[in-house]
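Have a look at the structure below before the remarks.
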Amino acid sequence: MRHIMVMNAKGGCGKSTLATNIASYYAVAGQRVALADFDPQRSSLDWVEGRPSERPEVIGLAAFDEGLKHLPRTTEYLIIDAPARSHGPELTALVKRAETIIVPIMPSRIDMRASRRFIRELRGVGKVERKQARIAVVANRFRDNTLIFDELDSELRKIGVPYVATLREAQNYIRAYSRGLGVFELPEYLAWPDWEQWGPLTDWLSSRASRP
Ligand SMILES: Nc1ncnc2c1ncn2[C@@H]1O[C@H](COP(=O)(O)OP(=O)(O)O)[C@@H](O)[C@H]1O
Ligand SMILES: [Mg+2]
């Protein structure tokens with residue numbers, strides 16, 4: 001079973017948006033997918049509950065309450081939506097659950113500063129230090145702003161974490177979320193720019209570089 005976790009101590013950076021879209025991506029690709037929501041705000045679980053029954057199934061787990069008790073053994077992809085404010089022992093415990101960690105960052109100065117601190121802490125977790133878990137950053141809610149873009153890029157180089165994709169700010173994410181879908185399930189004429197932006201992320205996820 002593949003375990004992909006989306007995490008950042010910062011709220012509102014797009015953890016649930018990425019987690020639900022990754023779940024939708026693998027479900028549409030014909031994989032057996034479960035989405036574990038460790039955040040009591042339950043955004044991912046709400047998304048699963050709103051998912052139309054004719055769409056490829058994603059099994060939702062109220063992990064904030066019950067852990068992975070109801071995880072079907074046949075699951076091929078477990079996508080984990082981590083809570084905000086994960087630090088210290090809680091962070092270490094969460095990291096134990098995944099071998100691939102995606103950190104969404106909003107390209108604003110405040111978010112970048114908070115995220116840098118978070119990535120520093122994450123890199124200090126034993127499992128990550130031993131390279132038993134791989135981290136990548138995704139810039140999310142990007143608007144045309146090259147200055148911030150350059151800053152984020154050099155920031156990430158400094159901390160030595162790969163920066164694998166940039167996702168734009170788009171109504172499609174809000175539209176898809178409210179219908180229990182991913183952007184991959186929206187019509188091509190609307191969502192093709194987002195499909196293109198997801199390419200580098202899904203390529204990284206299927207590459208050896210994203211696994212220990
Ligand atoms: N790329 C995007 N474009 C537009 N809106 C976005 C995008 N990513 C996230 N959002 C919106 O931003 C808000 C916070 O995103 P969310 O995924 O819930 O963050 P988190 O789970 O990290 O708290 C939500 O309203 C979501 O719809
Ligand atoms: Mg969330």
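Under the numbering used here, the residues of the sequence shown are numbered 1 to 212, in order. Every residue, glycine too, gets a C-beta built ideally from N, C-alpha and C. Just so it is clear, the structure is predicted and the values come from calculations on it, not from any experiment.
Starting from residue i, follow the beta strand (DSSP E) in both directions and report where the run begins and ends.
i, result
"P104", "T100 to I105"
"D203", "Element bounds for D203: not the beta strand (DSSP E) but the alpha helix (DSSP H), E188 to S206."
"R141", "R134 to F142"
"L78", "Y77 to D81"
"R55", "No beta strand (DSSP E) contains R55, which DSSP labels as neither H nor E."
"V28", "Here V28 belongs to no beta strand (DSSP E); instead the alpha helix (DSSP H) covers K15 to V28."
"V6", "R2 to V6"
For a quick check, are the C-beta atoms of residue i and residue j less than 8 Å apart?
i, j, result
"M112", "E151", "yes"
"G30", "R141", "no"
"I105", "V125", "no"
"A84", "S44", "no"
"R2", "E76", "yes"
"Q197", "L156", "no"
"F149", "A82", "no"
Return the CA-CA distance between residue i and residue j, expressed in angstroms with no decimal places.
i, j, result
"L91", "A133", "13 Å"
"R73", "L61", "13 Å"
"L27", "R208", "Reading off the sequence, residue 27 comes out as Ala, not Leu. Their Cα atoms are separated by approximately 21 Å."
"R130", "P212", "9 Å"
"Q171", "T17", "12 Å"
"W195", "K127", "32 Å"
"A23", "P200", "16 Å"
"A98", "G88", "17 Å"
"Q41", "G11", "11 Å"
"F64", "G182", "23 Å"
"I174", "I135", "26 Å"
Would you mind reading off the limits of the alpha helix (DSSP H) that contains residue i?
i, result
"G126", "G126 to E129"
"D65", "A63 to E66"
"V161", "Per DSSP, V161 belongs to no alpha helix (DSSP H) and is neither H nor E."
"A215", "No information on residue 215 is available, as it lies outside the stretch 1 to 212 that the chain covers here."
Please report the Cβ distance between residue i and residue j, rounded to the nearest whole angstrom; I am assuming they are in contact, meaning their Cβ atoms lie under 8 Å.
i, j, result
"I4", "I110", "Not a contact, Cβ separation roughly 27 Å."
So is the beta-carbon of residue i under 7 Å away from any non-hydrogen atom of ligand 4?
i, result
"Y177", "Absent from the structure shown: ligand 4. Ligands present: ligand 1 and ligand 2."
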